[in-house]
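Asks:
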Amino acid sequence: MDNPFSIVSPEELTAEQADQLFVEVHSDYPEIIRQGNMLITGARGCGKSMLIRCSLPDFLMVRNHLTFSELPYLALNVSIKKTDLNIADLQKLDNIHMPYLVNEHIMVLHVLLHTFLNLSKVSFETEKFDRAAYESFVISTYQRYLTLSGCEEKVNVDCTSPNTFFLSLYEHLENQSYNFFRYIAALTDKDAIDYSYHMPLLSFTRFIVPVFKKMIELPGFPNGKPILLFIDDADNLSEIQTRILNAWIASRTQPTISLKVFAQIGLYKTYLTSAGVLVESPHDYQELNISSKYTTKSNSDSTDNYYNKVIYVLYRRLKKAGYAPDIDYENFNSVEEYIKSVFPTYEKQEEGILQEIELIKKEYSKRGRGYRESDDIRRYAVPNYIRRLGGSSKSRSTYRYAGIECIVHLSSGIIRYLLDSVAKMFDATTKSTLSFEKVNPLVIETDVQNTVLRAKADFYLFKELPKSNDITNTLSSNLSIKQSTTEKLANLINAMGKTFQEILLSGNPDDPFSGRSERKVFSIALSNPENTSTELKEVFRLGVRLGFLHESFIGNKEGNGRTYLYIMNRCFSPIFTLDPSGFQGYLFMRNEDLETAIHTGKKLRNIDTNETDEIHQLSLFDFWEE
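And the structure:
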């Protein structure tokens, strides 16, 4: 039985399939598709590639019922991951000659190959095709700039249709690419003496820019509209290639050509150009981190937040697979109610939490801490229930992670985490039916949800993190340190989780307002960031790069500046029986205590059960994105 939540590579989706599945999860999407250079970073699985897929011409034509010439922009996608650009053999150029010129040549070839191959598959309007205009483009623009770039051969182009035209350009450049890599292969010959380079040297400003400017004017193209050049997985480029890409950004070719560079957070290698000049934001480009930390439910029917959009993502998938009934898509409450019926909460647990709510309401007028009664309910009801489950950790481990809101919170804004989790829940549910017929109505029981989410947390900390040992070899320069950076990160997460659990459980189970005033804590702030050691920085950097920690900024203790804030990914909540919902408090930490934590995995420090100012409430307005 097909799993409606299975993760498919966006590149493998047809425009029709992408249209059925795509929901604009990121509120930054309109900003990304506007003119202007941009560096978009995010954690693994946050939806970068899907965002690109659903900006391409075929998708826009299907979703918005447009012809190619009516597109609001021409998006061109260039993937770096599955390419020859990152092969180790290219490093042989670094110590021979012209590493920047030759690397730029192969980068330009790569962009053009992707562009022409994709255009050869576009559904052009045949009635707008003008053969004479295409032949003129070849002679006066394409062939001219090829010759100026050192290409002596004449290009034979099939101008019988736009598709055959771009396919023949692709095949010509494919030959150029093979010639280039034969040259690279020859460099491995130890007896070779002549390293002379006799092939063309294409460049961004002297070839791509003039060719693309004329190409967009061809009949049937969205004439006068901007070109958005999406560069995906740019963190796979070498440092030299990254410098070259930065030089393209600094050339400021917008509004005609805007570069949209996507990279995994923390892995973009340099911000220097090939000329050694710093490419600056916002002067040359805008920088955007699309990894969301906010997963709370909106009080309105708006679809502006992550929670609401996840509801639509799940509904679209279930509808496409034939599980979901026909529901008015514009009626968010109806769609939400259906998804809640698929992922129910644990009834016995909900009853226990309601009892805690009644206790808070009863005592609020006399002892309430929040500005409103609802503030204290949100702050204490679930922690009080977890605390009341029993003195032993075994009893607290019976807390069940279930319900769509819980699933969304545990995903910490990473859509791949969420889809992978619900896909496993679906498999566990349908396998138990021993039937090839659709389960109708589909209900993922709470014990299945809880089992998958707890196993997922264990997998990330105990399986996925150790796989990252190879990464630490490139991040750490101190080989005398016996513990790997991944081991230190695992220790830090354990230390944070244990400390946050102690804070959550503080106080008397029979007193709803006892214990810390802020008991839901997921973040640490650095008391003295200027003295943070290289070792500790490497741990934080790896945590952010893997999406296990989120990095932001917060006002410092003295109130005269900003400091780093590190938020533990809420997916780890089941390991430590934490409440992942709502905004959380944060704890200021000294570097000395953090140094101990990364080596031992013990609590960050002892927490005073009396009221002090060491734990602070984190509000929406505290965040300052990098």
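Straight run, no breaks: the sequence shown in numbering that gives the first Met the number 0 ends on number 625.
Each residue gets a CB set at the ideal place from its N, CA and C atoms; glycine is no exception.
#1: Between L12 and R52, is the Cβ-Cβ spacing less than 8 Å?
#2: Grab me the residues of Q348's own chain with a C-beta within less than 6 Å of its C-beta, minus the 5 sequence neighbours each way, in chain order.
#3: Rounded to the nearest angstrom, how far is the Cβ of K437 from that of Y322, given a contact under 8 Å?
#4: Please tell me whether L201 and V107 are closer than 8 Å, where the distance is taken between their beta carbons.
#5: Compute the distance between the beta-carbons of F179 and I289, then report whether it is under 8 Å.
#6: With P579 and L503 assumed to form a contact (beta carbons below 8 Å), what rounded beta-carbon distance in angstroms separates them?
#7: Have a look at S280 and Y363 and give me their C-alpha separation to the nearest angstrom.
#8: Per DSSP, F587 forms a beta bridge with which residues?
#9: Please go through the same chain and pick out, in chain order, the residues whose beta-carbon is closer than 6 Å to the beta-carbon of Y311, but skip the five residues on each side of it.
#10: Let me know if L491 comes out buried or exposed under the rule of 16 or more other beta-carbons within 10 Å of its beta-carbon.
#11: When we look at the beta-carbon of T159 and count the other beta-carbons within 10 Å, is it buried (16 or more) or exposed?
#12: Within its chain, find whatever has a CB closer than 6 Å to the CB of K536; leave out the 5 residues flanking it on each side and keep chain order.
#13: Span of the beta strand (DSSP E) holding Q348?
#14: Tell me whether D283 is buried or exposed, calling it buried when 16 or more other Cβ atoms sit within 10 Å of its Cβ.
#15: Where do the ends of the alpha helix (DSSP H) carrying A131 lie?
#16: Hey, L603 and A494 are a contact pair by Cβ (cut 8 Å); roughly how many whole angstroms apart?
#17: Closest by CA to M97, which one among E126, E152, I239, D57?
#18: Mind reading off the beta-carbon distance from A427 to L464? Whole number of angstroms is fine, and I expect it under 8 Å.
#19: Can you give me the C-alpha to C-alpha distance between H598 and T485, rounded to a whole angstrom?
#20: Per DSSP, which residues does T40 bridge with? Please list them.
#21: Note down, one range per segment and in chain order, each alpha helix (DSSP H) of at least 4 residues found wholly within the region 164 to 224.
#22: L409 and V309 - do their beta-carbons sit closer together than 8 Å?
#23: Starting from the Cα of S420, find the closest Cα among R395, V442, S394, T450 and give me that residue.
#24: Any idea if T252 is buried or exposed, counting beta-carbon neighbours within 10 angstroms, 16 or more meaning buried?
#25: Buried or exposed: where does S48 fall if 16 or more other Cβ atoms within 10 Å of its Cβ makes it buried?
#26: Would you report the Cα separation of V628 and L441, rounded to the nearest angstrom?
#27: How about the region 269 to 277 and the region 209 to 227: do they share at least three Cβ pairs that are nearer than 8 Å?
#28: Can you tell which of Y28, A131, G560 has the C-alpha that lies nearest to the C-alpha of M37?
#29: Could you tell me which residues DSSP puts in a beta bridge with A401?
#30: Taking the alpha-carbon positions, what's the F206 to T146 distance?
#31: Using a 10 Å radius around the Cβ and a threshold of 16 neighbouring Cβ atoms, would you call S476 buried or exposed?
#32: L452 and F571: beta carbons closer than 8 Å?
#33: Just to check my reading of the structure: C45 and I413 have Cβ atoms closer than 8 Å, yes? What is that Cβ distance to the nearest angstrom?
#34: Report the partner residues of G554 according to the DSSP bridge assignment.
#35: Around the C-beta of Y384, are 16 or more other C-beta atoms found within 10 angstroms, so that it is buried, or is it exposed?
#36: For D231 and N76, I'd like the C-alpha separation in whole angstroms.
Replies: Short version:
#1: Indexing the sequence shown from 1 puts residue 12 at position 13. Indexing the sequence shown from 1 puts residue 52 at position 53. Less than 8 Å divides the Cβ of L12 from the Cβ of R52.
#2: To locate residue 348, count along the sequence shown from 1; it is residue 349. So the qualifying residues of the chain are R399.
#3: Position 438 of the sequence shown, counting from 1, holds the residue named residue 437. Position 323 of the sequence shown, counting from 1, holds the residue named residue 322. Right, their Cβ atoms sit about 6 Å apart.
#4: As a working note, residue 201 is residue 202 in the sequence shown. As a working note, residue 107 is residue 108 in the sequence shown. It is a contact, given that the beta carbons lie within the stated cut-off.
#5: Counting from one through the sequence shown, the residue named residue 179 turns up at place 180. Counting from one through the sequence shown, the residue named residue 289 turns up at place 290. In this structure, F179 sits away from I289, with a CB-CB distance that is not shorter than 8 Å.
#6: Residue 579 sits at position 580 when you count from the first residue of the sequence shown. Residue 503 sits at position 504 when you count from the first residue of the sequence shown. Incorrect: roughly 11 Å between the Cβ atoms, too far for contact.
#7: To locate residue 280, count along the sequence shown from 1; it is residue 281. To locate residue 363, count along the sequence shown from 1; it is residue 364. Their backbone Cα atoms lie some 49 Å apart in a straight line.
#8: Indexing the sequence shown from 1 puts residue 587 at position 588. The bridge partners DSSP lists for F587 are A524.
#9: Position 312 of the sequence shown holds residue 311. So the qualifying residues of the chain are V22.
#10: In the sequence shown, residue 491 corresponds to position 492, counting from 1. Flag for L491 reads buried.
#11: Numbered from 1 along the sequence shown, position 160 holds the residue referred to as residue 159. Taking a 10 Å sphere around the C-beta of T159, we find fewer than 16 other C-beta atoms and assign the residue as exposed.
#12: Here residue 536 refers to the residue found at position 537 when the sequence shown is read from its first residue. A distance below 6 Å between beta-carbons, with the five flanking residues on each side excluded, links K536 to no residue of its chain.
#13: Looking up residue 348 in the sequence shown gives position 349. Q348 -> not in any beta strand (DSSP E); alpha helix (DSSP H) instead, spanning 346 to 366.
#14: In the sequence shown, the residue the question calls residue 283 occupies position 284. The C-beta of D283 has 16 or more other C-beta atoms within 10 Å across all chains shown, which makes the residue buried.
#15: Mapped onto the sequence shown, residue 131 falls at position 132. Element bounds for A131: 130 to 136.
#16: Sequence index remark: in the sequence shown, residue 603 carries index 604 (1-based). Sequence index remark: in the sequence shown, residue 494 carries index 495 (1-based). The beta carbons of L603 and A494 sit about 5 Å from each other, so the pair counts as a contact at 8 Å.
#17: As a working note, residue 97 is residue 98 in the sequence shown. The shortest C-alpha separation from M97 is found at I239.
#18: By one-based count along the sequence shown, residue 427 stands at place 428. By one-based count along the sequence shown, residue 464 stands at place 465. No, A427 and L464 are not in contact; Cβ-Cβ is about 24 Å, not under 8 Å.
#19: To locate residue 598, count along the sequence shown from 1; it is residue 599. To locate residue 485, count along the sequence shown from 1; it is residue 486. If you take the alpha carbons of H598 and T485, they lie about 11 Å apart.
#20: On the sequence shown, position 41 is the one that residue 40 refers to. For T40, the beta-bridge partners assigned by DSSP are A262, N288.
#21: Counting only runs of 4 or more, we get 208 to 214.
#22: Here residue 309 is taken as the residue at index 310 of the sequence shown, counted from 1. Here residue 409 is taken as the residue at index 410 of the sequence shown, counted from 1. It is not a contact, given that the beta carbons lie outside the stated cut-off.
#23: One-based indexing of the sequence shown puts residue 420 at position 421. Comparing alpha carbon positions, the residue from R395, V442, S394, T450 closest to S420 is T450.
#24: On the sequence shown, position 253 is the one that residue 252 refers to. Classification of T252: buried, given that the 10 Å Cβ count is 16 or more.
#25: Here residue 48 is taken as the residue at index 49 of the sequence shown, counted from 1. Counting the other CB atoms within 10 Å of its CB gives S48 a total of 16 or more, which places it among the buried residues.
#26: The requested residue 628 is not part of the displayed model; the chain covers only 0 to 625.
#27: The region 269 to 277, when compared against the region 209 to 227, does not touch it at the 8 Å Cβ threshold.
#28: Within the sequence shown, residue 37 is the residue found at index 38, counting from 1. If we check each option's Cα against that of M37, Y28 comes out closest.
#29: Working through the sequence shown from its first residue, we reach residue 401 at position 402. BP columns for A401 are empty, so no partner.
#30: The count along the sequence shown starts at 1 and reaches residue 206 at position 207. The count along the sequence shown starts at 1 and reaches residue 146 at position 147. Taking the straight line from one Cα to the other gives about 10 Å.
#31: If you number the sequence shown from 1, residue 476 lands on position 477. Note that S476 scores 45 on pLDDT, short of 50, meaning its location in the model is unreliable; the coordinates nonetheless yield the value given after this. S476 should be labelled exposed.
#32: Counting from one through the sequence shown, the residue named residue 452 turns up at place 453. Counting from one through the sequence shown, the residue named residue 571 turns up at place 572. No, they are not a contact pair.
#33: Position 46 of the sequence shown, counted from the first residue, corresponds to residue 45. Position 414 of the sequence shown, counted from the first residue, corresponds to residue 413. Confirmed, Cβ separation roughly 5 Å.
#34: The sequence position of residue 554 within the sequence shown is 555, counting from 1. The beta-bridge partner set that DSSP reports for G554 consists of R561.
#35: Translated into the one-based positions of the sequence shown, residue 384 becomes position 385. Taking all protein chains shown into account, Y384 has 16 or more neighbouring C-beta atoms within 10 Å of its C-beta and is therefore buried.
#36: Along the sequence shown, read from residue 1 onward, the residue named residue 231 stands at position 232. Along the sequence shown, read from residue 1 onward, the residue named residue 76 stands at position 77. D231 and N76 have their C-alpha atoms some 7 Å from each other.
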